[in-house]
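*Asks:*
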Amino acid sequence: MPIARPETSDARVIAHVDMDCFYVQVEQRRQPELRGLPTAVVQYNEWQGGGLIAVSYEARKCGVKRSMRGDEAKAACPEIQLVQVPVARGKADLNTYRSAGSEVVSILAQSGKCERASIDEVYLDLTDAAESMLADAPPESLDSIDEEALKSHILGMSRNEGDDFKESVRDWICRKDADRRDKLLGCGMIIVAELRKQVLKETEFSCSAGIAHNKMLAKLASGMNKPAQQTVVPYSAVQELLSSLPIKKMKQLGGKLGTSLQTDMGVNTVGDLLQFSEAKLQEHWGTNTGTWLWNIARGISGEEVQGRLLPKSHGSGKTFPGPRALKSLSNVQHWLNQLSEELSERLSSDLDQNKRIASTLTLHASAFKSKDSDSHKKFPSKSCPLRYGVTKIQEDAFNLFQAALREYMGPFGIKPQGNKQETWRITGLSVSASKIVDIPSGTSSIMRYFQSQSTVPSCSADRCVQEYVEITPSASEGCSEQRSIETQAAMSEEDISTHYTENIDPVPEKDFSCQSNEATPFQTQSESSKGTQRKTQSESSKGTQMKRIGRKINSSKEKSQGMPSIVDIFKNYIATPQSKQETEEDSTVPSTSKRNNFSSRSSHSSEVNQEVGERKETKWGYKIDEIDQSVFDELPEEIQLELRSFMRPNKRPNAGKSKGDGSASSIAHYFPPLKR
DNA sequence: ACGGGTGTAACT
DNA sequence: TAGTTACAC
Numbered sequence: 129m130p131i132a133r134p135e136t137s138d139a140r141v142i143a144h145v146d147m148d149c150f151y152v153q154v155e156q157r158r159q160p161e162l163r164g165l166p167t168a169v170v171q172y173n174e175w176q177g178g179g180l181i182a183v184s185y186e187a188r189k190c191g192v193k194r195s196m197r198g199d200e201a202k203a204a205c206p207e208i209q210l211v212q213v214p215v216a217r218g219k220a221d222l223n224t225y226r227s228a229g230s231e232v233v234s235i236l237a238q239s240g241k242c243e244r245a246s247i248d249e250v251y252l253d254l255t256d257a258a259e260s261m262l263a264d265a266p267p268e269s270l271d272s273i274d275e276e277a278l279k280s281h282i283l284g285m286s287r288n289e290g291d292d293f294k295e296s297v298r299d300w301i302c303r304k305d306a307d308r309r310d311k312l313l314g315c316g317m318i319i320v321a322e323l324r325k326q327v328l329k330e331t332e333f334s335c336s337a338g339i340a341h342n343k344m345l346a347k348l349a350s351g352m353n354k355p356a357q358q359t360v361v362p363y364s365a366v367q368e369l370l371s372s373l374p375i376k377k378m379k380q381l382g383g384k385l386g387t388s389l390q391t392d393m394g395v396n397t398v399g400d401l402l403q404f405s406e407a408k409l410q411e412h413w414g415t416n417t418g419t420w421l422w423n424i425a426r427g428i429s430g431e432e433v434q435g436r437l438l439p440k441s442h443g444s445g446k447t448f449p450g451p452r453a454l455k456s457l458s459n460v461q462h463w464l465n466q467l468s469e470e471l472s473e474r475l476s477s478d479l480d481q482n483k484r485i486a487s488t489l490t491l492h493a494s495a496f497k498s499k500d501s502d503s504h505k506k507f508p509s510k511s512c513p514l515r516y517g518v519t520k521i522q523e524d525a526f527n528l529f530q531a532a533l534r535e536y537m538g539p540f541g542i543k544p545q546g547n548k549q550e551t552w553r554i555t556g557l558s559v560s561a562s563k564i565v566d567i568p569s570g571t572s573s574i575m576r577y578f579q580s581q582s583t584v585p586s587c588s589a590d591r592c593v594q595e596y597v598e599i600t601p602s603a604s605e606g607c608s609e610q611r612s613i614e615t616q617a618a619m620s621e622e623d624i625s626t627h628y629t630e631n632i633d634p635v636p637e638k639d640f641s642c643q644s645n646e647a648t649p650f651q652t653q654s655e656s657s658k659g660t661q662r663k664t665q666s667e668s669s670k671g672t673q674m675k676r677i678g679r680k681i682n683s684s685k686e687k688s689q690g691m692p693s694i695v696d697i698f699k700n701y702i703a704t705p706q707s708k709q710e711t712e713e714d715s716t717v718p719s720t721s722k723r724n725n726f727s728s729r730s731s732h733s734s735e736v737n738q739e740v741g742e743r744k745e746t747k748w749g750y751k752i753d754e755i756d757q758s759v760f761d762e763l764p765e766e767i768q769l770e771l772r773s774f775m776r777p778n779k780r781p782n783a784g785k786s787k788g789d790g791s792a793s794s795i796a797h798y799f800p801p802l803k804r
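First residue of the first sequence: 129, per our numbering; consecutive thereafter.
1. Please classify residue 329 as buried or exposed, where buried requires at least 16 other C-beta atoms within 10 Å of its C-beta.
2. Straight-line CA distance for residue 446 to residue 244?
3. On the three-state DSSP scale, how would you describe residue 496?
4. Is it buried or exposed, residue 362, if we count other Cβ atoms within 10 angstroms and call 16 or more buried?
5. In angstroms, rounded to a whole number, what distance separates the CA positions of residue 842 and residue 145?
6. Assign residue 131 to buried or exposed, taking buried as 16 or more other Cβ atoms, counted over all protein chains shown, within 10 Å of its Cβ.
7. How big is the Cα-Cα spacing for residue 263 and residue 312?
8. Compute the distance between the beta-carbons of residue 349 and residue 356, then report whether it is under 7 Å.
9. At what residue ranges does the region 246 to 333 contain a whole run of the alpha helix (DSSP H), taking only runs of 4 or more?
10. Could you check how far apart the C-beta atoms of residue 325 and residue 276 are, in whole angstroms? I think they sit under 8 Å.
11. Work out the CA separation of residue 520 and residue 864 for me, nearest whole Å.
12. Between the region 447 to 454 and the region 515 to 529, are three or more C-beta pairs nearer than 8 Å?
13. Residue 387 lies in the alpha helix (DSSP H); which residues open and close that run?
14. Helix, strand or coil: how does DSSP classify residue 154 here?
15. Nearest to residue 381 by CA position, among 473, 425, 364, is which residue?
16. Counting pairs of beta carbons, one from the region 233 to 244 and one from the region 297 to 311, are three or more of them closer than 8 Å?
17. Hey, residue 437 and residue 561 are a contact pair by Cβ (cut 8 Å); roughly how many whole angstroms apart?
18. On the DSSP letters alone, give me the boundaries of the beta strand (DSSP E) that residue 336 sits inside.
19. Could you please give me the residues that DSSP links to residue 180 through a beta bridge?
20. If I follow the unbroken alpha helix (DSSP H) through residue 147, where does it start and stop?
21. Exposed or buried, residue 192, counting other C-beta atoms within 10 Å across all chains shown (16 or more means buried)?
22. Can you check DSSP and say which residues form a bridge with residue 431?
23. Would a C-beta distance cut-off of 7 Å place residue 148 and residue 334 closer than the cut-off?
24. Using CA coordinates, which residue listed in 338, 483, 513, 198 is at the minimum distance from residue 281?
25. Give the straight-line distance between the Cα atoms of residue 394 and residue 365, rounded to the nearest whole angstrom.
26. Taking contact to mean 3 or more Cβ pairs, one atom from each stretch, closer than 8 Å, check whether the region 176 to 189 and the region 203 to 212 are in contact.
27. What's the C-alpha gap between residue 515 and residue 487?
28. What are the boundary residues of the alpha helix (DSSP H) that includes residue 202?
29. Given that a residue counts as buried once 16 or more other Cβ atoms are within 10 Å of its Cβ, and exposed if not, what is residue 287?
30. Report back the beta-carbon spacing between residue 399 and residue 421 to the nearest angstrom; my notes put them in contact at under 8 Å.
31. Is it buried or exposed, residue 78, if we count other Cβ atoms within 10 angstroms and call 16 or more buried?
32. Apart from the five residues just before and just after residue 466, which ones in its own chain have a Cβ nearer than 7 Å to its Cβ?
33. Rounded to whole angstroms, what's the CA-CA distance from residue 639 to residue 507? Just pull it up for me.
34. According to the Cβ coordinates, are residue 491 and residue 529 closer than 7 Å?
Below you can see the structure in the form of structure tokens.
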């Protein structure tokens with residue numbers, strides 16, 4: 129899994145910035161009374177006090193650990209303050225933490241290439257900044273070195289009680305005869321110290337950081353002195369650091385690979401790896417992993433900092449452990465609706481704030497069948513093209529689920545009436561959206577064309593989304609209609625639910641009482657389709673997404689056949705004046721060093737994807753046959769050409785793989801080619 | 001059959 | 001490609 133990359137430059141300056149117990153800090157900012165108190169963030173308080181997902185350093189001192197239950201935490205530390213994760217739609221809602229993370233990224237992205245590694249971690253490539261500093265204003269030329277920088281930990285440098293370690297750090301940073309690599313790290317220290325101070329000032333969040341020559345070492349270092357400190361790894365300290373480092377501490381080696389390294393080869397520290405030749409390692413772990421390990425042992429890792437400030441996918445999921453496992457289709461549908469709603473909301477924000485569109489919807493579930501030999505068969509994942517609009521996502525998610533369920537249950541799952549208890553339990557559900565692409569900005573002829581075409585001044589992303597909903601034929605038509613036949617075929621009469629109204633809107637607590645539904649785990653597709661519509665319609669009256677600020681839909685839109693047309697996307701998008709000040713009008717100029725005007729709080733609309741400045745290939749993830757042909761044909765030829773260039777280059781002219789028979793395992797037939 | 005909810009990346 | 005598996009926080 130890890131893959132070997134050659135070191136690209138011998139003296140990059142890479143930083144890893146890690147927020148200290150981030151969720152706790154977010155809650156403490158909201159409730160300043162909690163500052164300084166032992167605090168933990170917990171989710172689902174009802175069972176054994178809920179699970180801890182973040183623990184303050186005060187609480188860690190009393191022995192509270194992440195992944196304790198709330199009750200255990202109380203036992204270990206009676207004064208502990210437990211704060212619950214917000215709940216929306218019956219599930220944990222992490223949005224406040226996500227946007228807090230964005231605040232931080234906005235600040236950290238100013239000084240160099242920046243990669244959002246997770247909700248609370250960031251990598252920075254500060255090579256350019258450090259080199260500039262070294263050239264223009266090297267540390268020894270400065271009147272004073274930042275106090276925060278002087279607090280840095282420098283590996284390999286002694287730091288005894290009574291030492292004036294700040295003086296030593298100053299000396300180290302300013303050493304004239306230093307290795308150039310050390311000088312660069314010295315500059316990195318100063319820059320990172322500055323950034324961390326800025327983060328603290330502007331967000332009130334503290335963080336720790338590691339500064340080194342590559343990501344792996346920087347990551348290692350950021351965790352060495354927490355909270356609110358930074359650690360530097362000079363080249364000269366690498367070997368000693370690694371020689372005694374337990375193998376499992378290395379990123380990527382915390383799991384099975386690390387375990388088998390220990391058990392199969394007796395490798396307990398990273399240093400132990402040095403004994404093995406590259407060939408030997410490859411022999412055991414394959415070419416890629418072998419080389420990767422060989423490099424790791426030497427502190428070599430060429431992995432680059434991706435200039436990416438935004439996530440590549442969005443997901444919404446929930447587990448239903450033990451007795452809460454879902455037992456009825458309608459209950460599954462209920463939860464899929466909740467998850468889809470959240471996902472849709474996040475997609476709307478992404479479109480609104482970042483002008484990005486996702487193109488694949490994936491459903492994951494986990495399940496078990498008690499009373500069966502293969503009760504632990506994996507529940508298959510399924511995906512399909514993503515259509516914008518809450519109800520569409522809900523519908524598609526549910527259909528994907530049913531397809532997966534039929535596959536999971538196998539040919540004998542279709543008639544459970546004979547087999548007494550033989551039935552499924554769903555222990556986890558998640559929906560996610562991926563293959564997210566930027567909407568190309570401003571200057572292409574496509575944009576100009578639609579700019580001139582569009583009559584309506586409009587278009588928050590909300591409205592874009594609404595219009596997809598409006599223009600799309602009702603949910604049960606088109607691709608989903610066809611499904612019902614097959615789905616019905618997979619069900620026995622006995623399975624057809626007559627408990628629709630009872631089942632359709634279960635509250636979470638009712639999950640426990642689903643026993644009564646057991647005998648009728650299925651409902652017909654047509655029932656369920658109606659159910660979907662009815663429900664979502666009533667919900668839509670209160671949902672902001674569906675509130676229509678109605679406008680007439682033009683005729684070409686009405687011709688669209690169920691998929692949102694890429695052209696519609698353009699039209700709706702273009703009609704809006706760009707909120708993002710897209711100054712990279714000509715995106716051929718790398719803009720990495722450009723200072724972006726991030727407005728740290730309130731909006732991340734300014735969170736520009738840094739890839740713009742690089743040679744990122746902006747390709748539409750849409751297949752040409754997902755686009756409304758009639759609309760497409762109406763375009764000037766020149767525009768058609770340009771549009772094609774945005775589309776997937778290797779598209780199969782006519783769905784080459786589709787079987788005639790519609791086997792359960794192929795999702796292709798759920799999305800028949802558009803009639804032309 | 002409680003580490004939950006998310007996210008990335010490589011492999012097949 | 002779609003789906004699976006591993007890993008991390």
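Here a beta-carbon is modelled for each residue, glycine too, at the ideal position from N, C-alpha and C.
*Replies:* From the atom records:
1. exposed
2. 24 Å
3. strand
4. Classification of residue 362: buried, given that the 10 Å Cβ count is 16 or more.
5. With the chain covering 129 to 804 only, the question about residue 842 has no answer from this structure.
6. exposed
7. 10 Å
8. no
9. Within the region 246 to 333, the alpha helix (DSSP H) runs of at least 4 residues that lie entirely inside it are, in chain order, 255 to 264, 275 to 278, 293 to 302, 308 to 331.
10. So it is a contact: roughly 6 Å between Cβ atoms.
11. No answer is possible for residue 864: it lies beyond the span of the chain, which begins at 129 and ends at 804.
12. no
13. Residue 387 -> alpha helix (DSSP H) spans 384 to 393.
14. helix
15. When the alpha-carbon of residue 381 is set against those of 473, 425, 364, the nearest one is in 425.
16. no
17. Rounded, the Cβ-Cβ distance is 18 Å, inconsistent with contact.
18. Residue 336 -> beta strand (DSSP E) spans 335 to 340.
19. 170
20. Careful: residue 147 lies outside any alpha helix (DSSP H), inside the beta strand (DSSP E) at 142 to 147.
21. buried
22. According to DSSP, residue 431 bridges with nothing at all.
23. yes
24. Closest option to residue 281, Cα to Cα, is 338.
25. 24 Å
26. Yes, the region 176 to 189 is in contact with the region 203 to 212.
27. Approximately 7 Å between the Cα atoms of the pair.
28. Unbroken alpha helix (DSSP H) run through residue 202: 198 to 204.
29. exposed
30. In fact, because the Cβ distance is near 12 Å, the residues do not count as touching under 8 Å.
31. Since the displayed the chain opens at 129 and closes at 804, residue 78 lies outside it and no answer follows.
32. 217, 218, 219
33. The pLDDT assigned to residue 639 is 36, lower than 50, so where the model puts this residue is not dependable, and the model offers no usable value.
34. yes
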